[in-house]
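Structure first, then comments.
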Amino acid sequence: MILFRFCLAALAVLSLAFAPVAQAQAQRRQLLEYPSIHHPVVGERGMVVTQNAIASEVGAEILRKGGNAVDAAVAVGFALAVTLPRAGNIGGDGFMLVHTAGTRETVVIDFRSVAPAAARLEMFVDKKGEESPLASRGYRASAVPGTVAGLELAHRRYGKLPWKDVVTPARRLAAEGIVLTPDEAFVFSWARERMTESVAGQRTFYKPGGELYRAGEVLKQPDLAWSLGQIADNGADAFYKGEIARRFAADMKAHKGLITLEDLAAYKPVVREPLLGTYRGYTVATTPPASSGGATLLQMLNILESFDLKALGGSGSSGALHVMAEAMKLAYADRYRHLGDTDFVKVPLKGFTSKAYGAQQASRIDVNQAKSAKALGAGDPWKYESPSTTHFSIADSAGNAVSTTYTLGADFGSGVMVEGTGFVLNNQMNNYSHEQAVEAARKGRTSPPNAMAPGKRMLSTMMPTLVFRDGKPWLVTGTPGGSTIIDTVLQVIVNVIDFDLNVAEATHQPRIFQAATDTLEVEPNFNPDTVAAVRAKGHSVKAAETMGSAQSIMIDKGLFLGAADPRRPGALAVAP
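Quick note on numbering: the sequence shown equals residues -24 to -1, 1 to 552 in mature numbering (1 follows the signal peptide of the UniProt record, and there is no 0).
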């Protein structure tokens, strides 16, 4: 209905002008008449797509006020900390991929969290060498957060509006409160158990006596409003060196956590060159390590270039799904074996993402029969983020584009809210390869690439991605979903390039997930006949829950086409 009203109103205005506008009318009619039941939201001055409707409106309003895509992305990042507290954050980390039209520059801002200086392997494993619950819950589970520093760095380099203008909308939301939707109210009902050790969290997210907030009621977060006010007035220094940092460090010390004032003051986000590849004539820009997602995606695309996926049956066919699953299996095996933080370990990125290696990998695929993970040389998988991450995509009328994925790790992170600050802490210390490091030490082997070390970034699957056509952003995409992130982004790209689907169709198509194992997971809405045909090719198929929540924008012929993934309630594409 939003799309329908928007398009009709826009068409009425456009009919008053002449030839250029008539062409735009024709394009818009074509979109409305497209032979599909799935249609994107259409805009002419930009697009904001996030997992939360309020946050999407915040970003769109920043664009309306003359801000650029980076301004809007920073505002959305802070707003989601208020409106989507299970994943949106200032106590977590992530990656932002930025393209600026004026300089034609594309960079990755890496604000992944790092291990505190006091962290030691034995703190996170038990006597059997198995990972301890302390790695995923409580104060010790938290790594040094990077979100605030990363958002400030992005704004300082590329923002247009004053810093205070992009932080204040989130502060206002926290102070005045948000009206809870049924989904948001439900989240707090099952999050109670995770927050049991956090007095501040219980006080913020529940009524006195522990009563739940109901849908339609207003949730205010005064402590978070205070923190956001400090950040608005004093920048990231408020979080890493100011009063927020002092409260943070004091609460850590009181609960035997590891993060100190020195850890906070030492944290630095990093500007990196993106990983670049090509796929069927399009250029793909994505994230380098400590994200493992970008390199793995590029290897998958290089493998798939050796196959005509349309000729194998097209979108959703058993032939195409089989080949894609085998490509995923091969690339994931390499991911497990080789990838880690390049500031600490050597990673063969050029070979990993080369066309020649992709072709060699493709030659190992039998188009008629699945091969076992062992036969393909798969490694042993380690843990990833939980699916409780969030992604947002933004593009503006000047040609700038931003793709951002950030996270707390698990839902509500470590289950800890820092006293007096209103923000939830991540649980990223469980994303190192603790058990593999213990095994390597026992056998006298070299530590795995993702072994923990003080100051080291843990491996991630987060991978905001841009696809370029003729040197300009054409697709802005990314998704949460933990271990399914890489496969989800791959399928969105293949759907629009190989199968000519519009961005909404590409987002809504059922998905598969295949790691370096012998189990192919499929979403529940796959055609049973297709699943049977995939099984006949030798795959062990398992029905799974929905995968990811891709938020995407396609920029085509002067129009911005936004698609919010319906897999998680509340997502919205908004045209400014």
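Glycine residues also receive a C-beta, built at the ideal position from the N, C-alpha and C atoms.
Item                                                                                                                                                                             : Value
Residue 536 to residue 127, Cα distance in whole Å?                                                                                                                              : 24 angstroms
Give me the Cα-Cα distance between residue 61 and residue 419, rounded to the nearest whole angstrom.                                                                            : 42 angstroms
Taking a contact to mean a Cβ-Cβ separation below 8 angstroms, would you say residue 91 touches residue 431 in this structure?                                                   : yes
Return yes when the Cβ of residue 27 is within less than 8 angstroms of the Cβ of residue 544, no when it is not.                                                                : yes
With a 10 Å radius around its C-beta and 16 neighbouring C-beta atoms as the bar for buried, classify residue 552 as buried or exposed.                                          : buried
Counting pairs of Cβ atoms below 8 angstroms between the stretch 65 to 79 and the stretch 373 to 388, do you hit three or more?                                                  : yes
Assign residue 430 to one of three DSSP states: helix, strand, or coil.                                                                                                          : coil
Hey, out of 37, 84 and 31, whose CA is closest to residue 440's CA?                                                                                                              : 84
To the nearest angstrom, how far is the alpha carbon of residue 398 from that of residue 193?                                                                                    : 19 angstroms
With which residues is residue 515 paired in a DSSP beta bridge?                                                                                                                 : For residue 515, which the question treats as bridged, DSSP gives no partner whatsoever.
Mind listing, in chain order, the continuous beta strand (DSSP E) runs of no fewer than 3 residues lying wholly within the stretch 324 to 402?                                   : 365 to 372 and 377 to 383
In chain order, what residues of the same chain have a beta carbon less than 7 angstroms from the beta carbon of residue 501, not counting five sequence neighbours either side? : 486
On the DSSP letters alone, give me the boundaries of the alpha helix (DSSP H) that residue 134 sits inside.                                                                      : 123 to 134
Which same chain residues end up closer than 7 angstroms to residue 483 when comparing Cβ atoms and leaving out the 5 residues on each side of it in sequence?                   : 468, 526, 528, 539 and 541
Would you check if there are 3 or more beta carbon pairs closer than 8 angstroms linking the stretch 452 to 460 to the stretch 273 to 284?                                       : no
Given a threshold of 16 other Cβ atoms within 10 Å of its Cβ, counted over all protein chains shown, does residue 345 qualify as buried or as exposed?                           : exposed
Any contact of the stretch 211 to 229 with the stretch 122 to 141, i.e. 3+ C-beta pairs under 8 angstroms?                                                                       : yes
For residue 88, name the three-state secondary structure that DSSP assigns.                                                                                                      : coil
If we require 4 or more residues per run, which alpha helix (DSSP H) segments fall completely within the stretch 49 to 91?                                                       : none
Determine the DSSP secondary structure at residue 2, reduced to helix, strand or coil.                                                                                           : Note that residue 2 has pLDDT 47, beneath the 50 cutoff, so the model's placement of it is unreliable and no number is given.
Among the residues of its own chain, which have a CB less than 6 angstroms from the CB of residue 31, if the five just before and after it don't count?                          : 52, 55, 56 and 59
Residues in its own chain within less than 7 angstroms of residue 155 by CB, not counting five upstream and five downstream?                                                     : 192 and 194
In this structure, does DSSP put residue -15 in helix, strand or coil?                                                                                                           : In this prediction, residue -15 has a pLDDT of 39, which is less than 50 and means its spatial position is unreliable; nothing more can be read from the coordinates.
May I ask you to report which of helix, strand or coil DSSP gives residue 283?                                                                                                   : coil
Counting C-beta neighbours from all protein chains within 10 Å, is the total for residue 361 16 or more, i.e. buried, or is it exposed?                                          : The pLDDT assigned to residue 361 is 42, lower than 50, so where the model puts this residue is not dependable; a value taken from the coordinates is nonetheless given after this. By the 10 Å Cβ count, residue 361 comes out buried.
Would you call the stretch 404 to 418 and the stretch 335 to 342 in contact, with 3 or more CB pairs under 8 angstroms?                                                          : no
By DSSP's criteria, residue 445 is part of a beta bridge. Which residues make up the other side?                                                                                 : 448
Please list, in chain order, all residues of the same chain as residue 111 whose beta carbon is under 7 angstroms from its beta carbon, the five residues on each side excluded. : 100, 117, 405, 406 and 410
Between the Cα of residue 165 and those of 481, 149 and 183, spot the shortest distance and give me the residue it belongs to.                                                   : 183
My output table needs one value for residue 550: the three-state DSSP class, helix, strand or coil.                                                                              : strand
May I ask you to report which of helix, strand or coil DSSP gives residue -24?                                                                                                   : Legend: pLDDT at residue -24 = 37, less than 50; position of this residue unreliable, value from coordinates given subsequently. DSSP places residue -24 in coil when its eight states are reduced to three.
Which first and last residues belong to the beta strand (DSSP E) in which residue 470 is found?                                                                                  : Careful: residue 470 lies outside any beta strand (DSSP E), inside the alpha helix (DSSP H) at 461 to 473.
Using only alpha-carbon positions, find the residue among 161, 202, 159 and 120 that is nearest to residue 152.                                                                  : 202
Return the chain-ordered ranges of every alpha helix (DSSP H) run that is complete within the stretch 225 to 266 and spans a minimum of 4 residues.                              : 237 to 242
I think residue 281 touches residue 334, with their Cβ atoms under 8 angstroms apart; what is that distance to the nearest whole Å?                                              : 7 angstroms
Within the chosen definition, does the stretch 63 to 71 reach the stretch 382 to 398 through at least 3 CB pairs nearer than 8 angstroms?                                        : yes
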